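Chain order of the listed sequences is B and U. Counting with our numbering, you get residues 52 to 576 for the letters of the first sequence. Counting with our numbering, you get residues 21 to 189 for the letters of the second sequence. See structure below.
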Amino acid sequence: MNSLRDKITTQFGTAAVPCDNARPVTVPQLLIPREQFEDAARIMKLAGARLAAEWGVDETVMGRSYAVFACFARGNDYLLMRCELPDADPAFPSLSKFFVPAFRFERQILSLMGLMPTGHVHSDLRPWIKHEDWPLDAWPLRKTFAAGQRMPRMAGEYKWIRAEGEGIYEIPVGPVHAGIIEPGHFRFQAIGEDVINLEERLGYTHKGIEKRFEQLSWQDGARLAGRVSGDSTVAHTLTYCHAVEALSGTVVPERASWLRAFMLERERIANHLGDIAAIANDAAFTFIFYQLMRLKELILRGNQRLFGHRYLMDRIIPGGVAGDLPSEANISIEEEMKQFLDEFERLVAIYDHNASLDDRLRGAGILPPETARDLGTVGYVARASGQPLDCRIQAPFTPYDQIPPRMVVLNSCDVHARAWVRIEEIRESTRLIGEFVIRLPAGETNTPLAKIGHDRSSFAAVEGWRGEIVYWLQSGLKGEINRCAIRDPSSVNWLALEQAIHGNIVPDFPLCNKSFNQSYSGHDL
Amino acid sequence: MLRILHQIFRTGVVTEPLPEAVETELMEVGNRLEEAIRRRFHRSLVIREVDAGSCNACELEIIAMNNPIYNCERFGIQFTASPRFADMLLVTGPVSVNMEVALKRTYVATPSPKLVVAVGDCGCHGGIFGESYASLGAVANVIPVDAHIPGCPPTPVELLHGILRLIRS
């Protein structure tokens, strides 16, 4: 099968210009003329690629104007397409005709960077992340926008999707939710118990993260990446570090790479445990909730013991890892995993043989495979709907190239499948950790970061516990951070929750929502 | 059902067998906390947690306070869904511009007398996000704060400690 790059160059010839400054070389970047940008997206669609991310860049400090990037993925192939926009007319062809998630990406690009999607009739230009009480021309990601300024509040109204008719009523929920969870707003239209539509409105935790990166050093950027979504601190820091290392040409010592994967799997186990617990709790099976939360606590304590932080924050640094395992740790880790798995399997047996749990989870919140594919979902949400996607296999770093995980793909597409994928992945992560510990190579744990050249860019994708995380970095004229574009798995998976809830009953929403458990902070940035 | 009962008895009361250092500290904090809660809040302190823009790490630790190992309910600490029933707001930050109105409304909806605790480095002073077009920084920049619990994120033991210090003062 031809690579995605070949598909474009066959069709476009020399009109598609490869970029020499993009790293790693395995992820090519092509400059596409603006008038052919949409056509290039069509070719990607025909090739069966998904739109992984789309973002805008202000390159005025480099003496250029604005640019829009689209990242496509298929199997183990990534391709970046770049479209340059003139200063006088910062508009770009919308890709929403071929890719559904483009409409969210493009609303975000318009809201935060002030670049206008055109061409295919864009059905939705309401602000996204930026709320309606911001000045319309406040575009924080533009270089002319001062990061520290206080924004005046304007009068404004968000135009919600309405449903009208006899017996239809509306339930607004949030931003402050009933539990100890992040803020966001959900608006349901329902008839009786049946949900006919759900509309999400997010952005409440927007902290200006992407803009903040531009004020930090590359080293401090790793700390900020670790706080994009606190539950995925390992995965986000790691993706950022991979991008910085690709940008600077730094080769990380092998031991550091293995330790990073070790941390990534521990983060996966801890979060999956919490999620399965929360799903059971929302189905009123509190026994499983408390039992699994206990196991999660033991994993967190293991993290504290091994690395000095319960969530492993700031343990991954550009160039390697901060600190090494204590001596003799391999024996204690093997023992810890053995005991953990023993306890876990007892609970899985109980979970699996509970008829009332089965009754609540099966058939609830169905996300059909074609919807999961069209929305570009990733992670366990995609895998529970039959999509074989996992960066650990499709874009592996060492040690995953030597010890590949088994990909768990299920086809029932419901809450049960999303929970069961996690159960299987915990088992698999436990096995991986066991193998990592046995084969962990000796040596250094970090190396100094090589100098970063000016006006370069790099890309990285890592499979966090929620799914594929994407970072794209660009250095400016002085080798500083000019742009850090982030795509958390939540940015695409939130779209899927809206679809999965159709036809379910209102009381099943918390259950469906828990089975997705997407990040608000990672999405809002 | 037998399996569940077996697992319950097999697990036992996990609130007891903690690592010694943590256990000693936790019991000491907890007992003092329980006494203070009895005296001042008629046996129960009801908390409404508000995420005003955090990265979610503080929430994970606040949830962990409720796990069977820390089991904060044994000291009379409960979490409520409604600010109307709350004695205390536990607020994580930094306060985002987009959460400012919701946080102020939650504060007003909580009956007086009330206590507000700013949680985490970001809630205390804005953390790595600082103050910007999108972030108002510390919780105290938006609503009156009675106590601070720093940490990134603060551990469940540190959270219990911080709540105790406030109630005793």
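For each residue, glycine too, the CB sits at the ideal point set by N, CA and C. Remember, it's a predicted structure, so these values are computed and weren't measured experimentally.
Problem set entry | chain B contacts from the region 81–102 of chain U (Cβ-Cβ distance under 7 Å) | Ile82, Ile83, Ala84, Asn87, Pro88, Ile89, Phe99, Ala101
Exercise. Quick one: which chain B residues come within Cβ less than 8 Å of asparagine 161 of chain U?
Worked result: The contacting residues do not exist; asparagine 161 of chain U stays about 11 Å from chain B at best.
Problem set entry | When B:Glu386, B:Arg238, B:Met95, B:Ile320 are compared against glutamate 250 of chain B, the one with the closest alpha-carbon | B:Arg238
For this session: Return the CA-CA distance between arginine 366 of chain B and serine 509 of chain B, expressed in angstroms with no decimal places.
Result: 22 Å
Exercise. Can you list the residues of chain U that methionine 364 of chain B reaches, using a CB-CB cut of under 9 Å?
Worked result: Ala77, Cys172, Pro173
For this session: From the DSSP output, in three-state form, read off isoleucine 219 of chain B for me.
Result: strand
Problem set entry | Secondary structure of phenylalanine 95 of chain U, DSSP reduced to three states | helix
Exercise. Is tyrosine 402 of chain B buried or exposed, if buried means 16 or more other CB atoms sit within 10 Å of its CB?
Worked result: buried
Problem set entry | Range covered by the beta strand (DSSP E) that runs through serine 508 of chain B | 508–514
Problem set entry | Beta-bridge pairing of proline 144 of chain B - partner residues as DSSP gives them | B:Thr169
Problem set entry | the region 293–308 of chain B touching the region 81–97 of chain U, judged by at least three CB pairs closer than 8 Å | no
For this session: In the DSSP assignment, find the unbroken beta strand (DSSP E) run with glutamate 251 of chain B in it and report its ends.
Result: 245–252
Exercise. Do we get a CB-CB distance below 9 Å when we pair phenylalanine 149 of chain U with the residues of chain B?
Worked result: yes
Problem set entry | Minimum Cβ-Cβ distance from proline 133 of chain U to chain B less than 9 Å | no
Problem set entry | Sequence-distant residues of its chain with Cβ nearer than 8 Å to phenylalanine 105 of chain U (five each side left out) | Val66, Arg68
Problem set entry | Euclidean distance between Cα positions of asparagine 568 of chain B and arginine 413 of chain B | 17 Å
Exercise. In three-state DSSP terms, what is threonine 112 of chain U?
Worked result: strand
For this session: Please list the residues of the region 414–439 of chain B that have a C-beta atom closer than 8 Å to any C-beta atom in chain U, keeping them in chain order.
Result: none
Exercise. Given that a residue counts as buried once 16 or more other Cβ atoms are within 10 Å of its Cβ, and exposed if not, what is glycine 207 of chain B?
Worked result: exposed
Problem set entry | From B:Asp109, B:Phe154, B:Ser280, residue whose alpha carbon lies closest to that of glutamate 135 of chain B | B:Asp109
Problem set entry | Runs of alpha helix (DSSP H) wholly within the region 376–456 of chain B (minimum 4 residues, chain order) | 380–403, 406–412, 420–425, 430–434, 442–445
Problem set entry | C-beta contact flag for methionine 108 of chain U and valine 136 of chain U at 9 Å | yes
Exercise. Could you check where the beta strand (DSSP E) with phenylalanine 123 of chain B kicks off and where it finishes?
Worked result: 117–125
Problem set entry | Spatially closest choice to aspartate 410 of chain B from B:Ala153, B:Tyr209, B:Asp333, by CA coordinates | B:Asp333
Exercise. Apart from the five residues on each side of it in sequence, which residues of its chain come closer than 7 Å, Cβ to Cβ, to arginine 204 of chain B?
Worked result: Asp184
Problem set entry | Sub-9 Å separation of valine 115 of chain U and valine 177 of chain U beta-carbons | no
Problem set entry | Neighbour-count burial assignment, glycine 515 of chain B, 16 or more Cβ in a 10 Å radius | buried
Exercise. Can you check whether the CB of valine 165 of chain U is closer than 9 Å to the CB of alanine 138 of chain U?
Worked result: yes
Exercise. Should aspartate 71 of chain U be flagged as near chain B, meaning a C-beta pair shorter than 9 Å?
Worked result: yes
For this session: Since I believe phenylalanine 448 of chain B is in contact with asparagine 405 of chain B (beta carbons under 8 Å), could you give me their beta-carbon distance rounded to a whole number of angstroms?
Result: 39 Å between Cβ atoms; not a contact.
For this session: State the Cα-Cα distance for the pair glycine 359 of chain B and leucine 176 of chain B, rounded to the nearest angstrom.
Result: 46 Å
Exercise. Based on the DSSP output, what are the partners of valine 68 of chain B in its beta bridges?
Worked result: B:Leu82
Exercise. What span of residues does the alpha helix (DSSP H) with glycine 4 of chain B cover, start to end?
Worked result: Only positions 52 to 576 of chain B appear in this structure, which leaves residue 4 of chain B out of reach.
Exercise. At a Cβ threshold of 9 Å, is valine 64 of chain U touching chain B?
Worked result: As written in the sequence, residue 64 of chain U is serine, which differs from the valine given in the question. It does not: the Cβ of serine 64 of chain U has no partner Cβ on chain B nearer than 9 Å.
For this session: Mind checking who histidine 236 of chain B pairs with in its DSSP beta bridge?
Result: B:Arg252
For this session: Could you tell me which of B:Arg361, B:Pro369, B:Glu386 sits nearest to threonine 481 of chain B, measuring between CA atoms?
Result: B:Glu386
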